[in-house]
Amino acid sequence: MAEIKVVGVVGCGQMGTGIAQLAAVHGLNVWLHGRAKTFISGNVRRMISKGRISQAKGDNALSLLSYTTNLEDFQGADIVIEAIMESEVAKKNLLQQLDRIIKPSGILASNTSAISITRLASATSRPRQVIGMHFAYPPPVMKMVEIVRGADTSDETLLATKALAERFKKTVICSQDFAGFIVNRILMPMINEAFHALYTGVATKEDIDAGMKLGTNHPMGPLELADFIGLDVCLSVMKILHAGLGDTKYLPCPLLIQYIDAGRLGRKHGIGVYDYRDAAKQAQPSARL
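In our numbering, the protein residues as written are 41 to 329.
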């Protein structure tokens, strides 16, 4: 397989824009499906102002980014990374479309954090060229990429994807195609157990998080991290773990479900386990300076 030179990214949320930015900063031509030019330009300019990259490298990165709302523009991509919502149905539908568009040698990579790559690949005519490429959030900052090989993923696809992640200066970990892979199979039950501890009155949310930060050296407590990830995402992964592994220990905590029913989805909605709305209001004046 030839060297990857053109990367397509579908999904212009925080994950997709982060992956697109990462690829462009490392010298690859990038097509991003969606309108995120202002957001990415602002991020790159901040990297330049903080001395993380040179002015020349930043300007080059912005010149390598192209934006489109038409998937047909991905015809020339060597790899397309999808970073849309964590829904198997939505991902399969997208991969079916991309399968008909990109060149025969192209790789289809999913940024899923838990969904079976083998099942996603079954929606395409090229299962040997379908692979999981799970970036940690936020992609430009976090050092890990979790690569997941489906039942039919070829050695060539694995090596090309690994080489791409290493070009991004990431440390690669490899997982077999089991529910939750490595990271979320361990992380999400911990977060779920923290919700159980809160639900049953073991301790306050502050003490649960402080205990894990100060007692186990985690940079964030599990409830704070759940808010950062999104409670809806946590619930989705727990459901995948329960369905895929069949063990009752993966049943989502009732309190997690209740918070989501109440619209408390985490930082992105201003409230989750913690309330961020007052902090956001206080930050607004300085954000305009």
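The beta carbon of each residue, even a glycine, is placed where N, CA and C say it ideally should be.
No experiment lies behind these values; they were computed from the predicted model shown.
8 Å Cβ shell around residue i - same chain, five flanking residues per side excluded
{"i": "Ile-93", "result": "Val-65, Val-84, Met-87, Ala-101"}
{"i": "Ile-222", "result": "Glu-186, Ile-213, Ser-215"}
{"i": "Glu-206", "result": "Val-212"}
{"i": "Ser-194", "result": "Arg-168, Gln-169"}
{"i": "Ala-327", "result": "Unreliable placement is indicated for Ala-327, whose pLDDT of 32 sits below 50; the coordinate value is still reported in the next sentence. Correct list: empty, nothing qualifies."}
{"i": "Ala-117", "result": "Val-46, Val-47, Gly-48, Trp-71, Ile-142, Lys-143, Gly-146"}
Residue nearest to residue i in terms of C-alpha spacing, selected from the options
{"i": "Ala-130", "options": "Tyr-107, Glu-112, Leu-160", "result": "Leu-160"}
{"i": "Asp-272", "options": "Glu-126, Ile-155, Gly-241", "result": "Glu-126"}
{"i": "Val-313", "options": "Lys-183, Asp-267, Ala-302", "result": "Asp-267"}
{"i": "Ala-286", "options": "Gly-306, Gly-255, Arg-225, Leu-68", "result": "Correcting the residue type first, residue 286 is Gly in the shown sequence and not Ala. Out of Gly-306, Gly-255, Arg-225, Leu-68, Arg-225 has the C-alpha closest to the C-alpha of Gly-286."}
{"i": "Ile-311", "options": "Gly-284, Ser-276, Thr-288, Gly-270", "result": "Gly-270"}
{"i": "Ser-165", "options": "Phe-208, Ala-76, Lys-143", "result": "Lys-143"}
{"i": "Ser-103", "options": "Asp-118, Glu-128, Lys-77", "result": "Lys-77"}
{"i": "Ser-156", "options": "Tyr-316, Ser-276, Ile-147, Gly-172", "result": "Gly-172"}
{"i": "Thr-108", "options": "Arg-140, Arg-75, Asp-99, Thr-240", "result": "Arg-75"}
{"i": "Met-55", "options": "Ser-276, Asn-110, Gly-82, His-174", "result": "His-174"}
{"i": "Gly-67", "options": "Ser-276, Lys-90, Phe-208, Gln-115", "result": "Phe-208"}
{"i": "Glu-128", "options": "Ala-163, Thr-197, Ile-119, Arg-140", "result": "Ala-163"}
Spatial neighbours of residue i in its chain, beta-carbon cut-off 7 Å, leaving aside the 5 residues before and after
{"i": "Tyr-290", "result": "Pro-229, Met-278, Leu-281, His-282"}
{"i": "Ala-191", "result": "Thr-158, Asp-217"}
{"i": "Ile-124", "result": "Val-50, Gly-51, Ala-130, Lys-131, Leu-134"}
{"i": "Ala-176", "result": "Met-182, Met-184"}
{"i": "Cys-274", "result": "Met-228, Ile-231, Ala-266, Leu-296"}
{"i": "Asp-113", "result": "Trp-71"}
{"i": "Ser-276", "result": "Glu-126"}
Rounded separation between residue i and residue j - CA only
{"i": "Ser-145", "j": "Cys-214", "result": "23 Å"}
{"i": "Leu-138", "j": "Ala-234", "result": "39 Å"}
{"i": "Asp-150", "j": "Arg-189", "result": "First, the amino acid is wrong: residue 150 is Ser here, not Asp. Whole-angstrom Cα-Cα distance: 11 Å."}
{"i": "Asp-301", "j": "Cys-293", "result": "13 Å"}
{"i": "Pro-262", "j": "Ala-237", "result": "11 Å"}
{"i": "Val-242", "j": "Ala-219", "result": "29 Å"}
{"i": "Pro-259", "j": "Arg-304", "result": "23 Å"}
{"i": "Leu-329", "j": "Lys-97", "result": "Low local confidence applies: a pLDDT of 24 at Leu-329 is under 50, so the model's placement there is unreliable, with the coordinate-based value given in what follows. Taking the straight line joining both Cα atoms gives about 26 Å."}
{"i": "Asn-232", "j": "Tyr-299", "result": "13 Å"}
{"i": "Gly-51", "j": "Ile-121", "result": "9 Å"}
{"i": "Leu-265", "j": "Trp-71", "result": "31 Å"}
{"i": "Asp-318", "j": "Gly-306", "result": "14 Å"}
{"i": "Ser-153", "j": "Gln-95", "result": "34 Å"}
{"i": "Gly-48", "j": "His-73", "result": "8 Å"}
{"i": "Ile-44", "j": "Lys-210", "result": "16 Å"}
{"i": "Asp-247", "j": "Gly-255", "result": "11 Å"}
{"i": "Gln-169", "j": "Asn-69", "result": "20 Å"}
{"i": "Pro-325", "j": "His-309", "result": "At Pro-325, the pLDDT of 40 sits below 50, so the modelled position is not reliable; the number obtained from the coordinates is stated separately. Cα to Cα, the separation comes out at about 20 Å."}
{"i": "Tyr-316", "j": "Lys-245", "result": "14 Å"}
{"i": "Gly-53", "j": "Pro-178", "result": "11 Å"}
{"i": "Gln-322", "j": "Asn-257", "result": "Residue confidence for Gln-322 is low, a pLDDT of 48 falling below 50, so the modelled location carries little weight and cannot support an answer."}
{"i": "Leu-148", "j": "Asn-110", "result": "17 Å"}
{"i": "Glu-30", "j": "Ile-119", "result": "This structure cannot settle anything about residue 30, because the visible part of the chain is limited to 41 through 329."}
{"i": "Leu-198", "j": "Arg-140", "result": "21 Å"}
{"i": "Gln-115", "j": "Gly-91", "result": "35 Å"}
{"i": "Gly-82", "j": "Gln-136", "result": "33 Å"}
{"i": "Thr-288", "j": "Asp-99", "result": "51 Å"}
Other residues of its chain near residue i: CB distance less than 6 Å, five sequence neighbours each side excluded
{"i": "Ile-80", "result": "Thr-57, Gln-61"}
{"i": "Pro-180", "result": "Gly-58, Gln-61, Leu-62"}
{"i": "Ser-106", "result": "Trp-71"}
{"i": "Tyr-239", "result": "Cys-293, Leu-295"}
{"i": "Gly-284", "result": "Ala-219"}
Residue i Cβ short of 7 Å to the ligand PLP heavy atom set
{"i": "Leu-199", "result": "The model on display carries no ligand, and the ligand PLP is accordingly not part of it."}
Uninterrupted beta strand (DSSP E) stretches inside the region 66-147 (no shorter than 3 residues): Correct list: 69-73, 105-108, 119-122.
Segment contact, 8 Å Cβ cut-off, at least three pairs: the region 247-256 with the region 191-210: No: fewer than three Cβ pairs fall under 8 Å.
Quick one: complete alpha helix (DSSP H) runs, 4+ long, within the region 253-310? Taking 4 residues as the minimum length, the alpha helix (DSSP H) runs contained wholly in the region 253-310 are 262-269, 271-285, 294-301, in order along the chain.
Entirely within the region 143-185 and at least 4 residues each: give me those alpha helix (DSSP H) ranges in chain order. Those alpha helix (DSSP H) runs which fall completely within the region 143-185 and span 4+ residues are 157-161.
Can you list the alpha helix (DSSP H) stretches of 4 or more residues lying completely in the region 215-241, in chain order? Counting whole runs of 4 or more residues, the region 215-241 contains the alpha helix (DSSP H) stretches 223-239.
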